[in-house]
Amino acid sequence: MGKATNEIKHILRGKFLVEGKEAVKNWTFIGFLFVLGVIMIASAHSVDRRVHQIARLNDEVNELKSQFVDIRSRLQKVRLESTLLDQLEARGLQQPEQPPQKIKAIIEE
Numbered sequence: 001m002g003k004a005t006n007e008i009k010h011i012l013r014g015k016f017l018v019e020g021k022e023a024v025k026n027w028t029f030i031g032f033l034f035v036l037g038v039i040m041i042a043s044a045h046s047v048d049r050r051v052h053q054i055a056r057l058n059d060e061v062n063e064l065k066s067q068f069v070d071i072r073s074r075l076q077k078v079r080l081e082s083t084l085l086d087q088l089e090a091r092g093l094q095q096p097e098q099p100p101q102k103i104k105a106i107i108e109e
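Numbering follows the UniProt record's numbering, with no gaps: position 49 of the sequence shown is 49.
Next up, the structure:
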């Protein structure tokens, strides 16, 4: 139990970073872990940015779909015969009582 306690004290005091020939290896490993941590944090921020961008673009797509449906329904209403007749009557034109007749032209050579 005494040896384990000494090793824990040795680690807590940081002697493994300043004493012995393994100190350079330990600093190199700590630097490596630090670089990996920075890369991981940067990657997480990048992913968060992408998620927010995707959510914003999905909202924009939904808004554009809504506008498309609204404009299409207004166009269909404008193209209705009854709407056209109302607009023409406002200009003084009326629908003829008899339907139009087809004229066929026969060309003989």
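Each residue gets a CB set at the ideal place from its N, CA and C atoms; glycine is no exception.
For Glu63, the uninterrupted alpha helix (DSSP H) run begins and ends at 23-78, by DSSP.
Here Leu93 carries a coil assignment [DSSP, helix/strand/coil].
Here the alpha carbons of Thr83 and Glu89 stand approximately 10 Å from one another.
Linking Ser46 to His52 through their CA atoms gives a straight-line distance of about 10 Å.
Taking 8 Å as the cut-off, the Cβ atoms of Leu80 and Gln95 do not count as close.
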